[in-house]
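Asker: Can you read through this structure? Questions will come right after.
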Amino acid sequence: ASVGNIECMYAKNNNNTILTLSEQEIVDCSKLNFGCDGGHPFYSFIYAIENGVCLNEEYRYRAIDDLFCLNYRCGKKVTLSSVGGVKEDELILALNEVGPVSVNVGVTDDFAFYAGGIFNGTCTEELNHSVLLVGYGQVQRGNIFQKKSKNHGRNDQSAIQKYGANQTENDDDDILY
């Protein structure tokens with residue numbers, strides 16, 4: 001989610017030039033995160049501010065924790081100048097004013113089998129998975145937040161019901177996409 005967020009901000013600030021940045025570098029080199037066991041977007045952003053992020057073609061994704069950070073091999077790096085936080089009730093404003101937002105969600109093991117459509121499985125209060133919100137819209141009486149992901153759903157599109165199976169009849173039908 002954090003690398004996708006950096007890619008979007010780069011495109012927005014560089015005439016829509018799209019770069020694919022290295023997720024593997026964050027896995028290997030951002031020591032405040034926990035490699036393939038996850039981490040927090042904030043720490044990835046701090047890493048990008050302090051070190052920059054390599055292009056994916058120079059530091060390819062391998063889906064393993066490497067013992068060594070190999071970012072010294074990279075030529076061009078994309079850096080961030082700052083990072084900020086967004087409160088949940090300000091997400092729509094942030095999406096409109098700034099652009100995509102990295103957020104954490106609480107998913108359970110059944111999320112591993114998600115293949116598309118609206119995921120409304122059980123959620124957990126423990127935030128354990130990061131997603132990139134890129135937009136919103138209407139579904140019934142609630143909001144849709146759209147997310148593009150290489151790992152979930154069909155055609156890189158996915159949706160998560162905001163409160164999952166924990167939702168009550170009084171909750172809005174908010175969707176994270």
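All residue numbers for the sequence shown refer to this note's numbering, where the first residue is 1 and numbers rise by one. Ideal placement from N, C-alpha and C gives every residue a C-beta, glycine not left out.
Distance, Cα to Cα, Pro41 vs Asn51?
Answerer: Whole-angstrom Cα-Cα distance: 15 Å.
Asker: Suppose the cutoff is 8 Å on Cβ atoms and the five residues either side in sequence are ignored; what does the same chain contact list for Gly106 look like?
Answerer: So the list reads Cys123, Thr124, Glu125, Glu126, Leu127, Asn128, His129, once near-sequence residues are dropped.
Asker: With a floor of 3 residues, list each beta strand (DSSP E) that falls wholly inside the region 105–136, ordered by position along the chain.
Answerer: Fully enclosed beta strand (DSSP E) runs of 3 or longer: 129–133.
Asker: From the DSSP output, in three-state form, read off Leu55 for me.
Answerer: Looking at Leu55 - three-state DSSP - the assignment turns out to be strand.
Asker: Round the Cβ separation of Cys8 and Gly99 to the nearest angstrom and send it over; I've been treating them as touching at under 8 Å.
Answerer: Correct: roughly 6 Å between the Cβ atoms.
Asker: Could you name the residues that DSSP lists as bridge partners for Lys77?
Answerer: The partner list for Lys77 (beta bridge, DSSP) reads Cys54.
Asker: Is it buried or exposed for Phe45, if we count other Cβ within 10 angstroms and need 16 for buried?
Answerer: Phe45 is buried by the Cβ-count criterion.
Asker: Taking Arg62 as the reference, give the member of Glu25, Asn96, Gly39 with the closest Cα.
Answerer: Closest by alpha carbon: Glu25.
Asker: Are the CB atoms of Cys54 and Lys87 nearer to each other than 8 Å?
Answerer: Result no, Cβ atoms of Cys54 and Lys87 do not sit closer than 8 Å.
Asker: On the criterion of 16 or more Cβ atoms from any shown chain inside 10 Å, does Ser81 qualify as buried, or is it exposed?
Answerer: With fewer than 16 other Cβ atoms within 10 Å, it is exposed.
Asker: Alpha helix (DSSP H) containing Cys29: first to last residue?
Answerer: Residues 23–29.
Asker: Comparing alpha-carbon positions, which option in Gly38, Gly121, Glu23, Asn120 lies nearest Arg60?
Answerer: When only C-alpha atoms are compared, the closest one is Glu23.
Asker: Taking the straight line between their C-alpha atoms, what separation do you get for Ile49 and Thr79?
Answerer: Rounded to whole angstroms, Ile49 to Thr79 spans 5 Å at the Cα level.
Asker: Check Ser2 in the structure and name its three-state DSSP category.
Answerer: Correct three-state label for Ser2: helix.
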